[in-house]
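Enquirer:
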Amino acid sequence: MDEDEKEMLAEARARLANTQGKKAKRKAREKQMEEARRLASLQKRRELRAAGIGGGSRYYRPNRKRRMIDYNAEIPFEKQPPIGFFDTSEDVAMDERHNFKRLRREDVEGVRRDVEEAKERKKDKEKLQKKKKEGDLSMQINKMANPEVAKKRSKLVLPAPQISDNELEEVVKLGLASEEARTIDGSEASLHLLADYSVTPGATPSLRTPRTPAAQDTILQEAQNILALQNVQTPLKGGENTPLRDSDFDGVTPKKAVVQTPNVVLGTPFRTPGTGGPGSTPRSMTPRVGGVSGSATPSAGYMTPGQTPVRDQLSINPEDTVATYSDPRQQQYELKAQLVEGLRSLPAPRNDFEIVVPEEQHLEHMDDDGEGAGFVEDAADIAERNAKLRKEEGAD
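Counting with full-length UniProt numbering, you get residues 1 to 396 for the letters of the sequence shown.
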């Protein structure tokens with residue numbers, strides 16, 4: 001800070017202190033200005049004396065011969081190198097770093113902060129514009145990483161139909177033929193052979209042969225379990241164990257699952273309706289309530305109330321042996337009905353009871369004082385009896 005700036009700062013402080021117009025502040029202002037001038041002149045003299053160009057310097061004698069080395073004018077103990085074998089005149093060149101004529105204020109003081117911030121704002125603005133032009137950066141990366149995503153979907157190729165149009169026409173012709181035969185011949189014998197299932201088209205199941213259930217790869221499952229056990233963390237952290245899928249330690253080799261052959265006989269329409277087994281009596285056609293046969297009221301779990309049971313003459317429709325409940329209230333109702341039916345089947349209660357009074361055998365083992373062998377006397381009674389005994393002994 002040079003002298004002019006210090007004077008301006010002192011005047012500004014003086015003006016700020018003189019706003020109220022008090023004499024003490026004015027005196028202080030004058031004293032402060034005088035002190036500022038003195039310090040400025042002192043600093044100026046010191047700088048000139050240190051540079052050796054001031055009038056007060058003891059080394060600056062323009063009219064006298066210098067007895068000591070002037071470090072600003074010459075190089076101390078300078079010794080020129082001897083002339084060698086090669087020409088070094090081309091090597092003498094001015095260093096560009098020492099060329100102070102090309103230096104500017106920015107090179108010495110550095111770039112100003114406002115200029116640098118303006119450049120950064122300009123760069124940010126250009127980046128935003130570039131992002132808007134290119135679009136979403138994540139979409140571009142995904143497209144480059146996964147070229148299959150951008151690839152067009154291939155055309156779907158459906159397999160050939162299992163039932164051709166000719167077979168469908170044959171099925172329709174067979175249905176029409178059975179209808180014509182039913183209308184022509186309405187005898188009692190043909191009715192059992194030509195059953196009508198047009199009333200319940202959705203209840204009739206498909207007569208397709210059931211498929212064998214898919215087999216499970218036991219070796220792959222055991223390998224996955226071993227891999228999960230190897231990648232488990234330290235048990236010091238705690239937490240749940242590693243979940244294993246259907247694994248046991250019965251042996252070294254993996255257990256093979258036995259595939260059960262589906263029972264095709266139970267799905268065929270050639271069995272007796274309502275039979276529980278070979279040689280058994282057919283069950284009644286009366287619908288049951290809550291699993292108890294013999295009731296005339298239809299159950300809510302087996303058929304809709306008010307609906308007439310369909311006569312399945314060829315046993316194509318499955319029997320309602322096991323009811324499935326979609327509503328828990330319906331299941332509760334069925335359980336309650338079963339409980340009521342079971343309570344009704346209990347025998348009637350009997351009211352002939354014989355009361356036997358036990359004999360008082362413990363009275364025979366009582367002592368003369370009325371105390372039993374296992375009877376514990378109260379402490380108050382003992383104290384009272386001892387007091388009476390002492391009183392009687394004292395009277396004697």
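For every residue, glycine included, the Cβ atom is placed at its ideal position computed from N, Cα and C.
So is GLU334 buried or exposed if we call it buried at 16+ other beta carbons inside 10 Å?
Expert: Flag for GLU334 reads buried.
Enquirer: How would you label ALA337, buried or exposed, when you count the other beta carbons within 10 angstroms and need 16 or more for buried?
Expert: Burial call: buried.
Enquirer: So LEU389 is in the alpha helix (DSSP H); what residue range does that whole segment cover?
Expert: Start and end: 379 to 395.
Enquirer: Between ASN351 and the rest of its own chain, which residues show a CB-CB distance below 6 Å, the 5 nearest in sequence each way excluded?
Expert: Nothing meets the Cβ criterion.
Enquirer: Using a Cβ-Cβ cut-off of 7 Å (strictly less than) and excluding sequence neighbours within five positions of GLN80, which residues of its own chain qualify?
Expert: Contacts found: none.
Enquirer: With DSSP collapsed to three states, give me the class of ILE43.
Expert: Inspection of the sequence shows that residue 43 is occupied by Gln rather than by Ile. Three-state DSSP puts GLN43 in a helix.
Enquirer: Measuring alpha carbon to alpha carbon, tell me which residue in ALA10, LEU244, PHE100 is nearest LYS108.
Expert: Just to set this straight, residue 108 is Val in the shown sequence, not Lys. Closest by alpha carbon: PHE100.
Enquirer: Locate the alpha helix (DSSP H) running through PRO235, then write down its first and last residues.
Expert: Counting along the chain, PRO235 falls outside any alpha helix (DSSP H), and DSSP gives it neither H nor E.
Enquirer: With H, G and I counted as helix, E and B as strand and the rest as coil, what does DSSP make of GLY84?
Expert: In the structure shown, GLY84 sits in coil (DSSP, three-state: anything other than H, G, I, E or B).
Enquirer: Let me make sure I understand the geometry here. Which of ILE53, LYS44, SER164, PRO161 has the alpha-carbon closest to that of residue 400?
Expert: Here the chain has residues from 1 to 396 only, and residue 400 is not among them.
Enquirer: Please name the residue in GLU392, ARG37, ASP124 whose C-alpha comes closest to that of LEU9.
Expert: That would be ARG37, whose Cα lies nearest to the Cα of LEU9.
Enquirer: Rounding to the nearest angstrom, what Cα-Cα distance links ALA14 and LYS23 in this structure?
Expert: Taking the straight line from one Cα to the other gives about 12 Å.
Enquirer: Measuring straight from C-alpha to C-alpha, what distance separates GLU7 and GLY52?
Expert: Going by the C-alpha atoms only, they are around 26 Å apart.
Enquirer: Is the Cβ-Cβ distance between ALA228 and LEU244 less than 9 Å?
Expert: Yes, Cβ-Cβ distance for ALA228 and LEU244 is below 9 Å.
Enquirer: With ILE69 and PRO76 assumed to form a contact (beta carbons below 8 Å), what rounded beta-carbon distance in angstroms separates them?
Expert: 5 Å between Cβ atoms; contact.
Enquirer: Quick check: the Cα distance between GLU106 and ARG112, rounded to an integer number of angstroms?
Expert: Roughly 8 Å between the two C-alpha positions.
Enquirer: Between which residues of its own chain and GLY306 is the CB-CB distance below 7 Å, once the five residues before and five after are set aside?
Expert: Residue placement at GLY306 is flagged as unreliable, the pLDDT there being 42, under the threshold of 50; the coordinate-derived value follows with that caveat. Hits under 7 Å: none found.
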